[in-house]
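In the working numbering, the protein residues as written are 1 to 113.
C-beta atoms are modelled at their ideal positions from N, C-alpha and C, and glycine is treated no differently.
This one's a predicted model, so the numbers in the text were calculated from it and none came from an experiment.
Read the structure below first, then the notes.
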């Protein structure tokens, strides 16, 4: 998704929310080209494992189903969005702005308040 520094926080949140939900949808559908288009080239950890599993036609874990998104933050080209799944699991998607596009770079444990 195309993004700019001049976006309001509300606009940026919507862009992050849309990007995360699209990434999850394409991961579940195993659409490699779309998944790669939504993923940072310098991805790490869980994101790397998920993309590689799709690429290599390996089993994935259960489908992810986003229930809601929550806390959002952005610092320059690094954005984070807390995401909650159907199975009561919460994670933090780490997104990066690369050449004006918002991409998924990492999935981390959600911070505990």
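Its chain contains 82 as the residues whose beta carbon lies nearer than 7 Å to that of residue 71, once the 5 sequence neighbours on both sides are disregarded; these appear in chain order. Under DSSP, residue 51 shares a beta bridge with no residue.
Residue 101 has 2, 98 as its beta-bridge partners, per DSSP. Taking 8 Å as the upper bound for CB-CB distance, residue 67 and residue 86 are in contact here, some 6 Å apart. Pairing residue 30 with residue 64 gives a Cβ-Cβ distance that is not under 8 Å.
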